[in-house]
Ligand code: NAI
Ligand code: MG
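Given below as structure tokens:
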């Protein structure tokens with residue numbers, strides 16, 4: 009298979025973790041006889057310095073002409089006092105919007121050898137394997153009006169939660185499609201006892217479910233979902249929810265397994281290239297020290313192979329290699345906690361590559 013991948017390392021540790029991940033992908037290409045072509049672009053702080061724009065046009069066209077996008081992270085103290093449009097994060101929002109990335113996928117998996125790193129009980133965590141599907145381009149973060157105004161002599165502030173039926177349906181379909189290749193259960197999270205948008209969300213979910221007779225659909229109120237994620241996270245397979253609920257629940261769920269350096273994500277569009285990135289940021293405190301944990305980015309690349317290229321065996325090989333390397337006691341500093349071998353970024357990448365070649 010021949011694929012072109014846009015690589016946007018970004019700032020801080022972005023460059024280190026992405027360099028290692030590209031090596032891992034090259035190893036997969038060799039082992040499975042694929043051709044991956046990597047083309048590099050600028051985003052975030054670096055792009056502001058070079059181009060005066062956190063998302064240069066050149067980067068947008070590179071992404072549009074690629075089969076998938078691999079992103080590191082953006083941001084750093086150097087740009088913290090810039091005006092909003094000239095902040096690195098503006099590049100992230102812009103790329104989501106320009107590439108139509110409406111579905112954000114965040115898997116949460118218990119890694120047995122890391123169970124001690126979690127703050128929850130081992131019996132609650134062991135076996136957790138869930139995926140949060142968050143709507144990313146609509147809802148209260150984008151609705152208008154969004155303003156302060158005076159009404160009847162009083163100061164008033166307004167945010168607007170709005171969705172079209174199409175926006176709701178496509179994200180719910182995405183969740184059902186994912187459930188079909190997982191354990192065939194969808195939990196749709198809403199606040200239908202209060203919000204009109206949630207009542208429509210629920211109706212649409214019930215309608216979509218008719219097209220997927222094999223998939224079990226349950227509805228859950230968001231406050232209960234927040235509680236159930238801590239009480240019994242093993243009950244979940246795919247959770248689908250609107251933008252703000254998903255923002256909060258995905259951060260909550262990510263802490264079940266303990267470490268920011270391990271969490272992968274994908275953002276998908278209707279038919280264009282998907283974007284794959286670690287959940288964490290550019291970690292300026294450890295940037296340039298060859299200390300960063302590259303596994304979140306490597307696991308994001310595994311998601312790319314599965315969800316954008318349908319290379320399931322290849323993606324599983326990466327995931328299995330990561331698990332085995334951890335099993336063997338190798339750790340980067342962030343997850344070290346009494347580990348046998350504490351590795352640098354490049355050493356961790358070497359271990360994953362060694363393991364891939366052995367599988
Ligand atoms: P952060 O995720 O960059 O770092 C939080 C803490 O976790 C730091 O102590 C860091 O050293 C550690 N950490 C993060 N990733 C790690 C890894 N792979 N290996 C080892 N340790 C790791 O979040 P923070 O500090 O809030 O933000 C730093 C910068 O990153 C800011 O400019 C922020 O705007 C940006 N950011 C960018 C994101 C993105 O590009 N998607 C997401 C979150 C923040
Ligand atoms: Mg968040």
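In this note's numbering, the protein residues as written are 9 to 367.
Just so you know, even glycine gets a beta-carbon here, dropped at the ideal spot from N, CA and C.
With 16 or more other CB atoms across the displayed protein chains lying within 10 angstroms of its CB, residue 212 is buried. Taken in chain order, the complete beta strand (DSSP E) segments of 3 residues or longer contained in the stretch 176 to 264 are 193 to 198, 224 to 229, 246 to 249. By the Cβ criterion, the stretch 334 to 344 is in contact with the stretch 292 to 301, since at least three pairs of Cβ atoms, one from each stretch, lie closer than 8 Å. When C-beta atoms of the stretch 30 to 45 are compared with those of the stretch 98 to 111, fewer than three pairs fall below 8 Å, so the two segments do not count as touching. Residue 301 sits in coil when the DSSP states are folded into three classes, being neither helix nor strand. Shown here, residue 311 sits in a helix according to DSSP, grouped into three states.
Of the heavy atoms belonging to the ligand NAI, none sits nearer than 7 Å to the Cβ of residue 92. Around residue 205, the same chain offers 169, 171 as residues with beta carbons nearer than 7 Å, after the five sequence neighbours per side are excluded. Residue 99 counts as buried, since at least 16 other C-beta atoms from the protein chains shown sit within 10 angstroms of its C-beta. Rounded to the nearest angstrom, the gap between the Cα atoms of residue 80 and residue 347 is 26 Å.
Going by C-alpha positions, residue 174 is about 26 Å away from residue 311. Around the C-beta of residue 95, 16 or more other C-beta atoms lie within 10 Å, and the residue is accordingly described as buried. Around the C-beta of residue 261, 16 or more other C-beta atoms lie within 10 Å, and the residue is accordingly described as buried. In the DSSP annotation of this structure, the continuous segment of the alpha helix (DSSP H) that includes residue 59 starts and ends at 53 to 59. Beta bridge pairing from DSSP links residue 286 with 272. Judged by DSSP secondary structure, residue 14 falls within the beta strand (DSSP E) whose first and last residues are 10 to 18. With respect to the C-alpha of residue 89, the residue from 68, 56, 219 having the closest C-alpha is 56. Separation of the CB atoms of residue 17 and residue 272 is rounded to 16 Å, and the pair is thereby denied contact status at 8 Å. By the Cβ test, the stretch 326 to 337 is not in contact with the stretch 285 to 293, since fewer than three Cβ pairs between them sit closer than 8 Å.
By the CB criterion at 8 Å, residue 78 and residue 13 fall inside the cutoff. If you draw a straight line from the Cα of residue 235 to the Cα of residue 132, it comes to about 13 Å. Within the same chain, Cβ atoms closer than 8 Å to the Cβ of residue 288 are found at 81, 268, 269, 271, 304, the five residues on either side in sequence being excluded. The residue among 220, 215, 227 with its C-alpha nearest the C-alpha of residue 200 is 227.
In the DSSP assignment, residue 340 is bridged to 351. When the Cα atoms are used, residue 156 and residue 165 turn out to be separated by approximately 4 Å. Less than 8 Å separates the beta-carbon of residue 183 from that of residue 248. Counting only runs of 4 or more residues that sit fully inside the stretch 63 to 119, the alpha helix (DSSP H) segments are 65 to 72, 96 to 106, in chain order. CA-CA distance, residue 111 to residue 180, rounds to 9 Å. Going by DSSP, residue 140 is part of the beta strand (DSSP E) stretching over 137 to 143. In terms of Cα proximity to residue 330, the closest of 307, 351, 355, 139 is 307. When DSSP states are grouped into helix, strand and coil, residue 162 belongs to the strand group.
Residues lining the ligand NAI by the Cβ criterion, that is a Cβ closer than 5 Å to any of its heavy atoms, are 81, 82, 83, 268, 269, 288, 289, 290, 291, 293, 294, 300, 301, 342 in chain order. Residue 208 and residue 349 have their alpha carbons spaced roughly 52 Å apart. Cα atoms of residue 332 and residue 363: separation of roughly 7 Å, rounded to the nearest angstrom. In this structure residue 193 is in contact with residue 246, their Cβ atoms being roughly 7 Å apart against a cut-off of 8 Å.
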